[in-house]
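Notes follow once the structure below has been shown.
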Amino acid sequence: MRYIALISAFIFSQTLFSQESETLDSLWTKRGKVGVLLNQTGFSDWVGGGTNNFSGTIKFDYELRYRYLGWDWLTNIESAYGMAKFKNAPFARKIDDRILIQSIVGKKFSKNLSFSAFFNFNSQIGNGYKYSKDNQNNETRELKTRILSPSYFQLGIGFLWKKDKKLWVNYSPIASRLIFVSKKFTNNLKDGESYYGVSKDKGSRYELGANLTFHSEGKLLENVNYRQDLKLFSNYLDNLANVDLDYLVEIDLDVNSLLSTQLIMQFIYDDNSIARLQIREIIGIGVQLKLN
């Protein structure tokens, strides 16, 4: 819970910047971008040591929105895939892999509040490995995840508080979550073991709980933009006090309309996968094309 408290404090400080009003010119609005993020490090006779490496990430973000007579329907599609290659390493390593489809529909009943329903799909594109060394100190890898394994589907109903398109919170006290995995990873489990919460010889797990989704975006400084998304889920059917957390923050420093420097940080806590806070961080130079 201390991780949630720290992240919540950061979120509160950043939402102070999200005070822009929105103007819609039609029932449908859309925006998006495609980007490539690159990072390279090279050494030559460097006494301090180091390993040459190169990494690249391809990102796609798209948002589609419909608003009419108090109805507000927002759909986000996001994907990213990145790899890093170190000199003399036998394998390239994955540094980013996400597929996200999120849709929230609300019917306004007051200035900022709506009844809402949401759908969320979250998975990955490529294989994921655990890396280690054998007895000869050679690097080896073991397959741990694969395309669409695991996959998370969520459906829920609740309430949406929305200041504008850049600042909103959706709370669903009734939310169903299905976790799908390949039986390739569960057939050889020992009794009592699980794979992303899925039991031996099973391919799925059902959870009923509460979900909270928070979104905020805005400007920190001139040409410095941020976006943050927080997702919390608590399972009523198993250890209610244990809250799954997924917090993603992206900070863009725009050089011009095409070039930017980008910082990406993600924090995940899900004891079905590992009972520790997972942290991912990427910094690089990006080329992006806006799809507005």
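Going by the working numbering, the first residue of the sequence shown is number 1009, and it counts up by one from there. Just so it is clear, CB atoms sit at the ideal spot from N, CA and C, and this is done for glycine as well.
Residue i, buried or exposed, once every other Cβ within 10 Å from all chains shown has been counted against 16
i: residue 1151; result: exposed
i: residue 1134; result: exposed
i: residue 1140; result: exposed
i: residue 1301; result: Since the first residue of the chain shown is 1009 and the last is 1300, residue 1301 is not available in this structure.
i: residue 1031; result: Unreliable positioning characterises residue 1031 in this predicted model, as indicated by a pLDDT of 41, which lies under 50. The coordinate reading is nonetheless provided below. Burial call: exposed.
i: residue 1230; result: exposed
i: residue 1245; result: exposed
i: residue 1029; result: Any reading at residue 1029 must be qualified, since the residue scores a pLDDT of 36, below 50, and its modelled position is unreliable; no value is offered.
i: residue 1050; result: exposed
i: residue 1076; result: exposed
i: residue 1272; result: buried
i: residue 1292; result: buried
i: residue 1018; result: Because residue 1018 sits at a pLDDT of 44, beneath the cut-off of 50, its placement in the model cannot be relied upon, and the point is left open.
i: residue 1138; result: exposed
i: residue 1142; result: exposed
8 angstroms contact criterion, which residue i and residue j should meet: CB distance rounded
i: residue 1233; j: residue 1260; result: 5 angstroms
i: residue 1219; j: residue 1162; result: 6 angstroms
i: residue 1164; j: residue 1183; result: 3 angstroms
i: residue 1114; j: residue 1168; result: 4 angstroms
i: residue 1177; j: residue 1222; result: 5 angstroms
i: residue 1108; j: residue 1084; result: 7 angstroms
i: residue 1037; j: residue 1094; result: Contact doesn't hold; Cβ gap of about 43 angstroms is too wide.
i: residue 1149; j: residue 1193; result: 15 angstroms between Cβ atoms; not a contact.
i: residue 1186; j: residue 1214; result: 6 angstroms
CB contact flag (residue i, residue j, <8 angstroms)
i: residue 1285; j: residue 1041; result: no
i: residue 1081; j: residue 1070; result: no
i: residue 1217; j: residue 1243; result: yes
i: residue 1092; j: residue 1106; result: no
i: residue 1104; j: residue 1276; result: no
i: residue 1204; j: residue 1197; result: no
i: residue 1159; j: residue 1118; result: no
i: residue 1175; j: residue 1224; result: yes
i: residue 1157; j: residue 1111; result: no
i: residue 1239; j: residue 1254; result: yes
i: residue 1274; j: residue 1288; result: yes
Where the beta strand (DSSP E) through residue i begins and ends
i: residue 1111; result: 1101–1116
i: residue 1291; result: 1282–1298
i: residue 1080; result: 1079–1094
i: residue 1125; result: 1121–1131
i: residue 1048; result: 1036–1049
i: residue 1140; result: 1136–1141
Next on the checklist: In chain order, what are the residue ranges of uninterrupted beta strand (DSSP E) at least 3 long that sit wholly in the region 1189–1277?
Outcome noted: As far as the region 1189–1277 is concerned, its whole beta strand (DSSP E) runs of at least 3 residues are 1212–1229, 1232–1243 and 1251–1262.
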